[in-house]
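Residue numbers (the numbering used here): 31 to 248. For glycine and all other residues, C-beta sits at the position ideal for the given N, C-alpha and C. Since this is a predicted model, take the numbers as computed values, not measurements. Here is the structure we will look at.
Right under this line is the structure:
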């Protein structure tokens with residue numbers, strides 16, 4: 031789980047249900063156009079503040095397409111199919127990591143985080159036939175780390191330095207453990223912008239990313 035966290039840092043009303051039906055399959059809450067760029071400020075809420083805190087940034091860019099091939103069953107036979115995935119490059123403090131994500135029929139999957147494969151790929155943002163309040167389980171392995179927990183989707187207002195963006199789709203993950211072993215990762219997604227905020231909480235750490243600038247592909 032630590033690798034997933036570091037990769038992320040280095041990435042009920044009827045009207046809402048209608049919005050899902052009209053737009054979620056188009057991935058408008060998770061734009062992936064080559065050249066799209068998001069700049070986040072990084073806040074360490076449990077650390078003593080310093081003059082350098084306001085300068086901590088993470089820049090995420092859709093760097094390129096990267097195919098993803100998977101095995102499927104067709105007409106009772108095993109076959110392979112290839113989908114178009116994307117490499118997200120995250121840069122912070124002179125360090126760069128890359129994640130591989132792909133949008134499949136039911137949502138957005140992380141294929142690898144910081145170059146480490148995730149098996150099976152992790153569905154972290156469900157898109158198809160979802161409702162506010164829905165929950166789904168995730169269980170994958172990344173390196174020597176087992177990722178196991180529950181995702182929940184809600185709607186929540188959010189304000190970030192970029193601007194007051196209003197209602198967002200809020201996806202929260204917890205590993206369902208207690209005390210110092212508990213890990214929580216929260217994401218806020220806004221239509222036509224993507225992720226505007228992220229919060230990671232574990233043990234004595236709480237790291238928040240807030241969107242300062244969004245530069246869509248021109």
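Supposed contact pair residue j and residue i - C-beta distance, whole angstroms, cut 8 Å
{"i": "residue 239", "j": "residue 70", "result": "4 Å"}
{"i": "residue 183", "j": "residue 168", "result": "Between residue 168 and residue 183 the Cβ distance is about 13 Å, and since that is not below 8 Å, they are no contact."}
{"i": "residue 241", "j": "residue 190", "result": "5 Å"}
{"i": "residue 57", "j": "residue 88", "result": "Not a contact, Cβ separation roughly 22 Å."}
{"i": "residue 110", "j": "residue 101", "result": "6 Å"}
{"i": "residue 136", "j": "residue 118", "result": "That pair is no contact at about 20 Å."}
{"i": "residue 144", "j": "residue 159", "result": "Actually they are not in contact, since the Cβ atoms of residue 144 and residue 159 sit about 31 Å apart, beyond 8 Å."}
{"i": "residue 68", "j": "residue 187", "result": "Rounded, the Cβ-Cβ distance is 20 Å, inconsistent with contact."}
{"i": "residue 120", "j": "residue 90", "result": "5 Å"}
Where residue i falls: helix, strand or coil (DSSP)
{"i": "residue 210", "result": "helix"}
{"i": "residue 243", "result": "strand"}
{"i": "residue 169", "result": "strand"}
{"i": "residue 50", "result": "The predicted model places residue 50 with a pLDDT of 37, which falls under 50 and marks its position as unreliable; any figure quoted below should be read in that light. DSSP places residue 50 in helix when its eight states are reduced to three."}
{"i": "residue 156", "result": "strand"}
{"i": "residue 233", "result": "coil"}
{"i": "residue 113", "result": "strand"}
{"i": "residue 200", "result": "strand"}
{"i": "residue 85", "result": "helix"}
{"i": "residue 135", "result": "coil"}
{"i": "residue 58", "result": "coil"}
{"i": "residue 124", "result": "coil"}
{"i": "residue 129", "result": "strand"}
{"i": "residue 179", "result": "strand"}
{"i": "residue 77", "result": "coil"}
{"i": "residue 192", "result": "coil"}
{"i": "residue 93", "result": "strand"}
{"i": "residue 119", "result": "strand"}
Rounded C-alpha distance that separates residue i from residue j
{"i": "residue 246", "j": "residue 206", "result": "36 Å"}
{"i": "residue 60", "j": "residue 210", "result": "32 Å"}
{"i": "residue 171", "j": "residue 149", "result": "5 Å"}
{"i": "residue 75", "j": "residue 231", "result": "10 Å"}
{"i": "residue 218", "j": "residue 108", "result": "37 Å"}
{"i": "residue 195", "j": "residue 226", "result": "9 Å"}
{"i": "residue 86", "j": "residue 214", "result": "22 Å"}
{"i": "residue 173", "j": "residue 138", "result": "21 Å"}
{"i": "residue 208", "j": "residue 185", "result": "25 Å"}
{"i": "residue 31", "j": "residue 66", "result": "Only weak support is given to the placement of residue 31: the predicted model assigns it a pLDDT of 43, under 50, and the value that follows is read from those uncertain coordinates. If I take the Cα positions, the gap works out to 27 Å."}
{"i": "residue 243", "j": "residue 176", "result": "34 Å"}
{"i": "residue 198", "j": "residue 221", "result": "8 Å"}
{"i": "residue 249", "j": "residue 141", "result": "Any property of residue 249 remains undetermined from this structure, which presents the chain solely from 31 to 248."}
{"i": "residue 192", "j": "residue 105", "result": "49 Å"}
{"i": "residue 155", "j": "residue 233", "result": "24 Å"}
{"i": "residue 114", "j": "residue 127", "result": "20 Å"}
{"i": "residue 212", "j": "residue 178", "result": "11 Å"}
Spatial neighbours of residue i in its chain, beta-carbon cut-off 6 Å, leaving aside the 5 residues before and after
{"i": "residue 216", "result": "202 and 229"}
{"i": "residue 236", "result": "75 and 76"}
Cβ-based neighbour list, residue i, same chain, cut-off 8 Å, excluding 5 preceding and 5 following
{"i": "residue 62", "result": "92, 116, 131 and 133"}
{"i": "residue 103", "result": "109"}
{"i": "residue 64", "result": "92, 93, 94, 95, 116 and 247"}
Close beta carbons around residue i, own chain, < 7 Å, minus the five adjacent residues each side
{"i": "residue 165", "result": "180, 181 and 182"}
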